[in-house]
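J.: Its first residue numbered 62, the sequence shown is counted upward by one per residue in this note's numbering.
Glycine included, every Cβ here is placed at the ideal spot set by N, Cα and C.
So that we are looking at the same thing, I have put the structure below in structure tokens.
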Amino acid sequence: MTLLIGSLTIGLILSILAFGVFISFRVFNMADITVEGSFTLGAALAATLIIAGINPILATLAAMMGGFIAGAVTGILNTRFKVNPFLAGILVMISLYSVNLRVMGKSNLPLLDKTTLLSYLESLSNQVWEGKGSVLLLGWKVAAADITVLLASILMILIIGVLLYYFFRTHIGTAMRAAGNNPQMIRALGENTDLLLVVGIALANALVALAGAILAQYQGFADVQMGIGMMVWGIASLIIGEVLIGIRTPGASIIGAVIGAILFRLLVSLALKWGMNPNDLKIITAVFVLIALVLPGISSKFKGKEEKAHARG
């Protein structure tokens, strides 16, 4: 049960990453590799500021701002200097590796004895559960703090998901979606598509950095390598969610991103629990992504054959 709750919590935290990837990958049709640097940047900034004695809430907001700036740089390289979007992301991601090392001062920063967002939730847990160390959940003894963190994560995702949904129903959100689908039409209507892309990619990386900051506080450390593979993770979460939901409206995609992130984390946790080497985690991730990519095509082919057979019959 502890493994399940931990996996659900991390899956929910990484849902924020999936939200960011949704904006860049689905709204703007851009595979923004900046994600791998901005995720670590969020963790690095939050950890460094918390160690310096800054309030963890302010440190987390600063981490978001760092991700916003990183995304804006990628967008400006693409729109202002006409650098290929994928190459622009690579350039910023590579640069962020050095920036992150500079921010952290070393490759790993422990947070176990520092006041973090998790510390606040642990204090809240003591008040809610009246100091009980564990509670019964479906017949299993579970740490009260773990339940509190899980519930707080669910509430956080609900708030961010709802805000994101309504954002894409505003004028600027609708313009972003239209700019991703048909930039020529949006330009003809007088909208600045370059500005929309810069703001959109900046917002995407702000969410990614937020995920990195919260995950670092949850795990109790920030590591300069923790962003590696996060782009693939975010895309995998999106694709798994889309396969399960079956439609691609903004609301459905947001819900699908959460479901996909949680399910993907559970699959990885099960693979490790069944004895797979942690060093093979990236291979496991790649296999899951490949399956998620291939299954919809195979399914549509079978449906097409069945429909043809039906028509002939």
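Taking residue 255 as part of the beta strand (DSSP E), name the residues at either end of that continuous run.
T.: From DSSP, residue 255 is part of no beta strand (DSSP E) but of the alpha helix (DSSP H) over 254-280.
J.: Put residue 207 into one of helix, strand or coil per three-state DSSP.
T.: Residue state, collapsed to three classes: helix.
J.: Under DSSP, the alpha helix (DSSP H) around residue 182 begins and ends at which residues?
T.: Looking at the DSSP string, the run of the alpha helix (DSSP H) that includes residue 182 is 178-189.
J.: If you follow the alpha helix (DSSP H) that residue 196 is part of, which residue opens it and which one closes it?
T.: Counting along the chain, residue 196 sits inside no alpha helix (DSSP H); it lies in the beta strand (DSSP E) bounded by residues 195-198.
J.: Short of 7 Å in beta carbon distance, which residues of its chain neighbour residue 278, apart from the five on each side in sequence? Order them along the chain.
T.: 107, 117, 172, 177, 178, 179
J.: Under a Cβ-count criterion, where at least 16 other Cβ atoms within 10 Å of its own Cβ denotes burial, should residue 339 be classed as buried or exposed?
T.: exposed
J.: I'd like to confirm the pairing. Which residues does DSSP put opposite residue 171 in its beta bridges?
T.: 282
J.: With distances taken from CA atoms, which of 125, 272, 227 is nearest residue 292?
T.: 272
J.: Closer than 8 Å is the cut-off here; do at least three beta carbon pairs connect the segment 185-201 with the segment 124-134?
T.: The segment 185-201 is not in contact with the segment 124-134.
J.: Report buried or exposed for residue 249, applying the criterion of at least 16 other Cβ atoms within 10 angstroms of its Cβ.
T.: exposed
J.: What does a CB cutoff of less than 8 Å around residue 244 pick up in its chain, not counting 5 residues either side in sequence?
T.: 254
J.: Give me the Cβ distance between residue 182 and residue 206, rounded to the nearest whole Å; I'm assuming they're in contact under 8 Å.
T.: Right, their Cβ atoms sit about 7 Å apart.
J.: Should the segment 89-100 be regarded as contacting the segment 217-230, the criterion being three or more beta carbon pairs within less than 8 Å?
T.: The segment 89-100 is not in contact with the segment 217-230.
J.: To which residues of the same chain is residue 317 closer than 6 Å at the C-beta, ignoring the five residues directly before and after it?
T.: Correct list, in chain order: 302, 303, 306.
J.: How is the alpha helix (DSSP H) around residue 244 delimited, first residue to last?
T.: 244-249
J.: Do the segment 251-266 and the segment 64-74 make contact, defined as three or more Cβ pairs closer than 8 Å?
T.: no
J.: Look at the alpha carbon of residue 150 and the alpha carbon of residue 211, and state the distance between them as a whole number of angstroms.
T.: 33 Å
J.: Give the straight-line distance between the Cα atoms of residue 202 and residue 63, rounded to the nearest whole angstrom.
T.: 9 Å
J.: Tell me which same chain residues have a C-beta within less than 7 Å of the C-beta of residue 345, skipping the five on either side of it?
T.: 329, 332, 337
J.: Less than 8 Å between the CB atoms is what I'm expecting for residue 268 and residue 81, so what's the real figure, rounded?
T.: 4 Å
J.: Put residue 335 into one of helix, strand or coil per three-state DSSP.
T.: coil
J.: Would you kindly work out how many angstroms separate the C-alpha atoms of residue 67 and residue 209, rounded to a whole number?
T.: 12 Å
J.: Give the DSSP bridge partners of residue 362, in chain order.
T.: Per DSSP, none; premise fails for residue 362.
J.: Using a Cβ-Cβ distance under 8 Å, would residue 242 count as near chain D?
T.: In the structure shown, chain D cannot be found, because there is only a single protein chain.
J.: Just to confirm my understanding: we take residue 296, look at its own chain, exclude 5 residues before and 5 after, and list those with CB closer than 8 Å. What are they?
T.: Cβ within range, chain order: 82, 86, 92, 350.
J.: By Cβ distance, which residues of its chain are closer than 7 Å to residue 154, with the 5 residues on each side in sequence left out?
T.: 94, 95, 97, 98
J.: Write down every uninterrupted run of the alpha helix (DSSP H) in the segment 292-352 whose length is 4 residues or greater and which is fully enclosed by it, in chain order.
T.: Segments of the alpha helix (DSSP H) lying fully in the segment 292-352: 311-334.
J.: Output the boundary residues of the alpha helix (DSSP H) element that contains residue 63.
T.: 63-82
J.: Using a 10 Å radius around the Cβ and a threshold of 16 neighbouring Cβ atoms, would you call residue 266 buried or exposed?
T.: buried
J.: Quick check for students: name the residue ranges of the beta strand (DSSP E) that lie wholly in the segment 77-156, counting only runs of 3 or more.
T.: none
J.: Enumerate in chain order the residues of its own chain whose CB-to-CB distance from residue 354 is below 8 Å, with the five nearest sequence positions on each side excluded.
T.: For residue 354, where only same-chain residues beyond five positions count, the Cβ hits under 8 Å are 300.
J.: Which residue wins for smallest C-alpha separation from residue 89, given the options 167, 223, 147, 334?
T.: Selection 167, 223, 147, 334 evaluated against residue 89 yields 147 as nearest (Cα-Cα).
J.: If you compare alpha carbons, which of 352, 219, 235, 105 is closest to residue 320?
T.: 219
J.: If the criterion is Cβ atoms closer than 8 Å, does the pair residue 285 and residue 161 meet it?
T.: yes
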